[in-house]
Amino acid sequence: MEVYINGRLTQVHVERKRIRNMYLRVNPDGSLRISCAKSVSEARIRQFIESKESWIIKAQMRVKNKERVHQEGAESPVIWWLGEKKYVRYVEAARDRIVMEGDIMTFYLKDFSEERITKTFRKYASQQLLIMAEESRGQWDDAVCRKHRLPLPSIHTRYMTSRWGVCKPSEHKITLSIRLIHYPREAFESVLLHEYVHFLVQNHSSAFYAHVYRLMPQYDLWNGYLK
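Numbering (this note's numbering), first residue to last: 71 to 297.
Here is the structure:
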C-alpha cells in the first residue's frame, strides 16, 4: 500500500492482528507501519494516516537528518531510555499515559500535539527517575547524611539542559535532570552521588572528589556516559 505524504509517495506496511486499536510507526527508512484489526478497511487506514500527516512529516524529517539520539518529542521515532533504544508508537486514547513493552514505548494520548507528547513523556520519565532514586538513596543516606549527622534530603526532578543535577544544602534538597532518563542507569547513579557529596563539600575541589572516589571508585567511568 502507498500513500502521498507531503507530496511524496510513501510505502505503508500494513500488519493485521487481533487487536482493537490502530498503531502507527515511522520506520528508520521513512516508510510507515500500521498495525490494525483485521476488519479495518483500507479507506479507514488512509483516513487515519491523513489525520496524522503533520506528525509523520516531522518524524520523517528527523529520520532523514539522523536526529534520533536523546529525543523526547513527537518528531522522533526512536527514544533512548536508560541507554537502550525504544521504538515509539502512538495510540489515540481517552487518558494520557505511556506503556513500555520490550523495545516498544507506546504513547496513549488524547491528541498528538507536540506539547501533549512532551508533557506526557516528562511526567513518565520523572516518575521513573524518582523510583530509581528511592531504590538507590539508602546507601548515600547512610554514608553521607547519617554518618555526618545531616538531614536526609528530599529528591525532585526537573527538565534542565545545562545541569544534570542541583544540590541545595540549605534546603536539604536534590534536583535531578529529567534528561538523565536517556542514559544508562550507571550515569544516573553517578549524578545522584555527586549531588549527595555536595552536602559535605559545596564546590568541586580535590576534597570533593576525594569523597566521590572513595564512595564510588568507578565514578569517572559511569559519569563518562554524560560527556
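By construction, the Cβ of each residue, glycine as well, lies at the ideal position given by its N, Cα and C atoms.
Distance between Ala-107 and Thr-190 (C-alpha atoms, nearest Å): Position 120 of the sequence shown, counting from 1, holds the residue named residue 190. Position 37 of the sequence shown, counting from 1, holds the residue named residue 107. Each residue's Cα considered, the two are about 26 Å apart.
DSSP state of Leu-263 mapped onto helix, strand, coil: Your numbering for residue 263 matches position 193 in the sequence shown. Assignment of Leu-263 by DSSP, reduced to helix, strand and coil, places it in the helix class.
Exposure label - Arg-207; buried when at least 16 CB within 10 Å: Here residue 207 refers to the residue found at position 137 of the sequence shown. So Arg-207 counts as buried.
Assumed close pair Lys-261, Leu-246 - CB separation to whole angstroms, cut-off 8 Å: The sequence position of residue 261 within the sequence shown is 191, counting from 1. The sequence position of residue 246 within the sequence shown is 176, counting from 1. The sequence given here places Val at residue 261; Lys does not occur at that position. For Val-261 against Leu-246, the beta-carbon gap comes to about 6 Å, under 8 Å, which counts as contact.
Supposed contact pair Tyr-295 and Tyr-289 - C-beta distance, whole angstroms, cut 8 Å: The residue given as residue 289 occupies position 219 in the sequence shown. The residue given as residue 295 occupies position 225 in the sequence shown. About 11 Å; that fails the 8 Å criterion.
Ranges of the alpha helix (DSSP H) found wholly within the stretch 235 to 283, counting only runs of at least 4: Taken in chain order, the complete alpha helix (DSSP H) segments of 4 residues or longer contained in the stretch 235 to 283 are 255 to 267.
For Thr-231, the three-state DSSP class (helix, strand or coil): Within the sequence shown, numbered from 1, the residue matching residue 231 stands at position 161. In the structure shown, Thr-231 sits in coil (DSSP, three-state: anything other than H, G, I, E or B).
Nearest-angstrom Cβ-Cβ length linking Val-96 and Ile-126, presumed shorter than 8 Å: Numbered from its first residue, the sequence shown carries residue 96 at position 26. Numbered from its first residue, the sequence shown carries residue 126 at position 56. Contact holds; Cβ gap of about 6 Å.
Presumed contact (8 Å Cβ cut-off) between Ile-69 and Ala-195, rounded CB distance: The first residue shown for the chain is 71 and the last is 297, placing residue 69 beyond what the model contains.
Strand pairing of Ser-105, partner residues [DSSP]: For the purposes of this step, residue 105 is identified with residue 35 of the sequence shown, where counting begins at 1. According to DSSP, Ser-105 bridges with Glu-85, Tyr-93.
Residue range of the unbroken beta strand (DSSP E) whose run includes Leu-179: Working through the sequence shown from its first residue, we reach residue 179 at position 109. According to the DSSP assignment, Leu-179 belongs to the beta strand (DSSP E) that extends over 174 to 179.
Cβ pair Val-169, Tyr-157 closer than 8 Å: Against the sequence shown, residue 169 aligns to sequence position 99. Against the sequence shown, residue 157 aligns to sequence position 87. The answer is no: Cβ separation not under 8 Å.
Local conformation of Val-110 per DSSP, three classes: Counting from one through the sequence shown, the residue named residue 110 turns up at place 40. The three-state secondary structure of Val-110, taken from DSSP, is coil.
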